[in-house]
Structures are given as structure tokens and as C-alpha cells.
DNA sequence: GATGAATGAGGTTTCATTCAT
DNA sequence: CATGAATGAAACCTCATTCAT
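Structure (C-alpha cells):
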């Protein structure tokens, strides 16, 4: 019935299925049987491709990183790069259900042992690091308000993304998502950038 | 063996133990046995005080709300009220381990049925609503920058709290928590407030 | 709240409640908690009046016997006594829900240990014995068909009561219960009795 | 360890084990653990073959029907068919311990939800219907006593089977089972059939 | 006599994991 | 590589029963 596939293919399928399930249904349904069902194989077969559930969780983290990194990156000036990053993350909540919520949900970190929190922290830090580098460069180029605390601003930017994400999840956005994405970035922008003559 | 306590006391103990466990160890260990162990009773005994796990989860939500609502509230001008609110939330991460991360972690949502997401959303909305009311009043009193988008700002403020929270969890704060709390609020403040003559 | 009552009173209340529950809800709900609820006391209190559930089951048997024995008994000729007995049993199914079904349901015999089947058998034998004695006397008085096998007839009579009972339970009576009771006895009577000139 | 068998085989084994247990030990021991022990597997394994206990109970009903329907059926005249039916049911009590008592014991009814009583009633009605059809045909062919009330007779016949059954269970048969089976049918027969020249 | 908290044993069910086929 | 039966451990929950109050 099911076509036989290489372990490599299966591993990817399984990780994707796991992400989908955790995102849509929560950790409670992150089970071998549920994943197998999603992939279209039997539950025992999962363990032909992964040693145990722990290994699957690690694969989920890897896949998550891949997906996040696959986001479009601008090559323009630092504020433009930041804009593309922020808008892409804001937008992804509408499109890639569950991926972002997974990233910020603390759910995976407990599914692993001691290394769990570290791995998830590392993943989240990549975002922070990117924001920080954009802001640093923008500051050097005089694009930011002069009194701006870069580290405070990093928390502001990364936090706003989360704020948007959870508001969307809660159905608490006061306007359509698309519009709010733009307004959100505008607010961020005028909080950070030096007053400009042209918008 | 174990000292006898009233159901009322036990219910509180159980809810607190549950919060502690979910915060520290994650939903995976949010089990009757684990809670019972923490409280110092047998697992079956849990169900003399709660009908089922679902009811415990609801109690956790209630307790969470209590704890959050217990935060100090200023009676001063709207920006001052906002400051007290934000600083208290930022600070609580250091003090009340796991409580806030629980609030923003999407973990409880899935532990309940259909009402789950609604209840958690409602809890989070109380924060948003408070922030919104402060900002509205501040705007009316001319304390905010004139072009400020209130709804964007709500996401900014509530998001920044989350950003701080997760950065702290990840060990990604570039300075001691106390200092970062202050810098974080300063950044927020200057993003929102009208330029002042005196700081 | 609950008025204090003597153990003797409580024992009767508890046995009655137990009969009611088993009859109406089945052995599955024959639990201390359920009985206590019915009586209006707390579950632990049950065991102030009965050593254990086993003892309650025995009390149920005793009470059952009392109830069955309380049925009206005619003092007329043997066939008349039989008629009163049969009609009373047939009728009781409509009135005393569950009592009869309990008697024939084999449910209690397993709720006790080894003595269970014996006790229930003894209870059922009282009915058989009564029927047998009526038939014997009727035979001696020449009221029965001459070739009638008394022991076969005992099974016929007691069985027909059961047949009626289960048919009623199953909603399989082809006419109203009252009418069927009469027709049932008529059928029995003409199966047993010598042809009569007068009805 | 245990030999592996197909789910189909296991389902049959489990249903049979369940029938055996309920018949011999009562509903109280109708547990997954007990069934598993009987079948020779672990209790969790039961649920690879059945969704839950409810499904097992339904399987028991199906199996019961199969067993009852497997009884020999004569093709002769209606009274002969009735005789074969009655004798086979009377005899089965000796042979198929517990099956009949299960059928008439009301025990399964309560093990299911709302559909329980309906299913059991349906099962019992098949017997009644068979008896009714035999009697109707016999009446048309003039084989029965002229004044016989068919519906009363249905209760008489099906009831007598039950009467015999319970008497046997109670050890209240006054003669060996084999002999009583014959006497029981003779009594029934002369209660129903038109007087014949030849026995 | 009654309460209400606690328990231990046991029941159903889920789930990761193994392994013969 | 895939299946499907089996398992052991653990989860939730029920229940008879005990006992301090």
C-alpha cells in the first residue's frame, strides 16, 4: 500500500508531520501513533527511522530551524532587512500555522532532557542575533534614534513579534491580520528610527 | 500519616503544585501522580478534591489569574500605571518562576477541551485590556506621541513583556535582570511617550 | 443535616436503597457511594452500619425475601392460591420495578462468595416449593388433569412467571400488561386444570 | 512468549473468554485483566484488538447470537420444530455453561449504554419470534388445542425454558437433567397440543 | 451516630518500544 | 523497508474501607 521510501525521506516526512501535529493539536497528540497516521505508515514503523521519540523531537528542532532560516532575507539597508524579517515572521503566523507558536511555546524544551532548553534557546537566539545585528548596523549608519538602547530595542522587536503572534492566536487582533502586520511594523519603525523627512 | 487538611486547603495546594510542576517541568509531568507526590498525598486522593484532571487545569487557570491580578497597581497617571504594570510583569519572571511562562506558553490551552483556548485567551486579554486602557487615557491626556497607533502600541507593550520573559528563560539577557528591566521600560517609554523636557 | 437514626433503621434504609439501585441501574452502580447518596448520608457512614459490602448484599437478600413473602396469599382452594400467587408475581413486575428482575437475574449470586448461589437458590426455591405444594394438593383433590407431571408443571408455572417478566422488560408484551397478566394465567390454568363445566 | 495470532482470531478468543467468565464468575469479573489472563495475553494487549470494553461487550452479544443460532433446527412440522428448539435450549444449559444464563440474566444490559437493553431484548426476541411462528403455523394446521391463546403460549414456552434453566442452576431439578428435559417438553406439549390418538 | 480526608488495590486505557514475519 | 502483534510502564480514575475528629 504505502510506497517504500528511504529512511532519509521518511525522517523528513516524520519531522514535518510532528511539527504539524504539535502546532495544530499540541504536545498532547505528539505521539508515535498520531505521527504515523499523519505520514501514512504504522506506528511501529516510526522506529525503523528514529531510535526513539527523543530523536524525533531533535529532528523537529532541526527542521524548525531550516524552515525559519528559509524566510526571505533582504540585502538592502539594515532597517529594510529588519522590516523584511519582522513582516515575514508576522506573516508566517497566518500562513505556517503552528510553526511560530511552536518556537515560542516552550513546549519542545520539556520534551527533551537537559539539553532541551539549551537547544530551544539557541534556536530563539538566532532570531535575536539577527535583530541585534541589524540594529547595530543601523545605529552605526545613523538610522536609529540617537538615544536608543540597542539591547532594549532587541527585546522590543523580538517581543513585538511574539505579542502579535499570541494576539492572533487569541483572536485579539483589532483589525484584519494583514492590516495589523503593517501597523505593527509602522509602530516599531517609528519607535526605533530617526525621524525621517520621507516615509 | 499525612496530616489531614480540608478540601479547600488541598485544592489550593494541588493547584499550586500543578503550577509549579508545569512551570518547572512542563506539561509532560503534569500528572496526578506527580502532583500528589509534590503535595505529599497518594494519587487517588487527588480525586477526592477534584473531579478530574480537567478540573485541576481550570483551577490552575484561576490561581494563575489570582496571582497575576495580585500584582501592584498604581493609582497615578496612566503612564505611571503602565510602568508599574510592565515592571511588575518583567520582575515577576525572576520571582515567580514558571508562572508567566505558563501564561504565554500555550501549554494549558491544549490540556482542556474546546473551552481551553478561550479561557487562556481571556486570561491574556486581561493584560492587553489593561495596557490598552492606560494607553487610551494617556493619549487623551496628550502624554503620548501624537502619531502613535494605539493598537500597534498595545502589541508592542505586551509583546515586549513576552520578549523579556523568553530572553530571561533562554539566558539571553545581556545584563543583569534588574538592570534590563529598567532599560526595557525606558526603551518602551521613549517609544511611546511624547518628548519631555524633564526625564 | 441528616437526622441521626438507629443502626437498625439505617440498615433497612440501606438495604432498600441497594435494591432500588440494583433493580433500576444494575449491579454496576451497586456501590457504597451510590447507596449512601440514595439514603442521604456520606459513603463512609455506610460502614458504621454494615461491616462490608458483602453484608449489605446479604441484607438485600433478606429484604428481598421479606418483600416477596409479603405478597397476598389466598386461603382458598389450591388452584385459587396458585392463581393469587401467580397473578401477584406477574403484577409485581409492573409495580415493584427491579425486585423480581433482581430475583431472577443471577446478579446477586456472584456478588457474594461461595454461599451466594446457595442463598439465591434458596430464595428462588421458596417460590418453587409453594407452587409445588399447591399443585400437589390440587392433584390430590382431583383438580388437575390426570396425566399431569407435577414436576414438569412446577417448571411450567415458575417459568411462565419469568417469561412474562422478561417479555415485559424487553417491551415484548403484545398487549397491555394488565390484559396479558390475565391471559397468561388463563393459559396456565387451562394447561393444568381438569376441564371444568363452569369457568 | 505467547504465540502470535491474528486480530481476527484474538477477537474471537477474547469474546469467548468473556462469555466464559461472565457465565462462570459473573459480571464482577468481566474485566480486561481477567479476560487477558484467560486468553494468555497481557491486559493492555486486549485494546489492540478492541477499542474498549464496550466493544468487547458488543462482541459478546454477537457471539452469543451466533451460538444460539447455531442450534439444530428441524424441518419437520411446526410442533416438531418447536420440540427440537425447546429440547436444544433445555439441553444447552448442561452443555454450554453460562451462555443461556447470560442470555436471561440481564447482566449485559447494564454493561452497555442506552443501546444495551435494546440489543439484549432483540436477542431474546429472536427466540420468542421463533416460538410464535411455530405456534401460529401449528394453529393453522389444527395441531393445537382450539381455545389456546397463542401469545399466552409464547410466554409459556419461552418461560418454561427459563424456568428449567434456573432450576438447573439452583440444583432444584428433582430428577436427572436428561430426564427432566423430556418431562418438561411432555408437559409443555400436552399443554398446547390437541389430544392425539397416538402419543 | 456522622463526617470527611485518606488510602491501597484494582480497573480501563494509552503509549513508546520491540520483534517475528 | 514495512507490518502488526505483543509488551511494560504509566496514566487517569473508582471504590471499599479506615479512622481522626
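Protein chains in written order, with my numbering: chain A, 1 to 199; chain B, 1001 to 1199; chain C, 2001 to 2199; chain D, 3001 to 3199.
Glycine is no exception: its CB is placed at the ideal position from the N, C-alpha and C atoms.
Taking 8 Å as the cut-off, the beta carbon of residue 153 of chain A is found no closer than this to the beta carbon of residue 173 of chain A.
Not flagged as an interface residue toward chain A: residue 1181 of chain B, since no C-beta distance is shorter than 8 Å. Annotation for residue 1141 of chain B: no residue places its beta carbon closer than 6 Å to its own, counting only its chain and skipping 5 residues before and after. When rounded, the separation of the alpha-carbon atoms in residue 1165 of chain B and residue 2041 of chain C is 51 Å. The criterion of a C-beta distance shorter than 8 Å is not satisfied by residue 2011 of chain C and residue 2021 of chain C. Between residue 2114 of chain C and the set C:2195, C:2054, C:2105, the nearest pair of CA atoms involves C:2054.
Against chain B, a Cβ distance below 7 Å from residue 125 of chain A picks out 1170, 1172. According to the DSSP secondary-structure assignment, residue 17 of chain A is paired through a beta bridge with no residue.
Between residue 156 of chain A and the set A:143, A:184, A:167, the nearest pair of CA atoms involves A:184.
With a threshold of 8 Å between beta carbons, residue 1109 of chain B makes contact with chain A.
Secondary structure at residue 1144 of chain B: strand, using DSSP grouped into helix, strand and coil.
Close to residue 2175 of chain C, with beta-carbon spacing below 8 Å, are these residues of chain D in chain order: 3151. In chain order, 3042, 3043, 3045, 3046 place their CB closer than 7 Å to the CB of residue 3036 of chain D, counting only its own chain and leaving out the 5 sequence neighbours on each side.
Ranked by Cα distance from residue 1079 of chain B, the options B:1005, B:1008, B:1025, B:1132 are led by B:1132.
Contact check for residue 63 of chain A and residue 111 of chain A: beta-carbon distance about 14 Å, past the 8 Å limit, so the pair fails to qualify.
Counting only runs of 4 or more residues that sit fully inside the stretch 5-67 of chain A, the alpha helix (DSSP H) segments are 7-25, 32-39, 43-49, in chain order.
Between residue 1188 of chain B and residue 1148 of chain B, the C-beta gap is not smaller than 8 Å, which leaves the two residues out of contact. Sequence-distant Cβ neighbours of residue 1090 of chain B in its own chain, meaning closer than 7 Å and more than five residues away, are 1161, 1164, 1181, 1184. Among the CB atoms of chain D, one or more fall inside 8 Å of the CB of residue 2190 of chain C.
Residue burial is scored here from C-beta neighbours: residue 1171 of chain B has fewer than 16 other C-beta atoms within 10 angstroms and is therefore classed as exposed. Annotated three-state conformation of residue 3153 of chain D is helix, per DSSP. In the three-state reduction of the DSSP assignment, residue 1193 of chain B falls in the strand class, which pools E and B. A straight line joining the alpha-carbon of residue 1030 of chain B with that of residue 1013 of chain B spans about 14 Å. Under the Cβ distance rule, residue 3081 of chain D does not count among the residues neighbouring chain C, no pair being separated by less than 8 Å.
Residue 2066 of chain C sits exposed, since fewer than 16 C-beta atoms from the chains shown fall within 10 Å of its C-beta. Neighbours of residue 147 of chain A across chain B, judged by C-beta separation under 7 Å: 1190. Within 10 angstroms of the beta-carbon of residue 3124 of chain D lie 16 or more other beta-carbons, which makes it buried. The shortest C-alpha to C-alpha distance from residue 1169 of chain B to any of B:1099, B:1119, B:1085 is the one to B:1099. Secondary structure of residue 3173 of chain D (DSSP, three-state): coil. For residue 3130 of chain D, the secondary structure class from DSSP, reduced to helix, strand or coil, is helix. Burial of residue 3059 of chain D is indicated by the presence of at least 16 other C-beta atoms within 10 angstroms of its C-beta.
Counting along the chain, residue 108 of chain A sits inside the alpha helix (DSSP H) bounded by residues 107-111.
By the neighbour-count definition (other C-beta atoms within 10 Å, threshold 16), residue 3179 of chain D is an exposed residue. At a beta-carbon threshold of 8 Å, the residues of chain C lying near residue 3026 of chain D are 2106, 2107, 2109, 2110, 2111, ordered along the chain.
With respect to residue 3084 of chain D, residue 3073 of chain D sits close: the two C-beta atoms are nearer than 8 Å. In the three-state reduction of the DSSP assignment, residue 3075 of chain D falls in the coil class.
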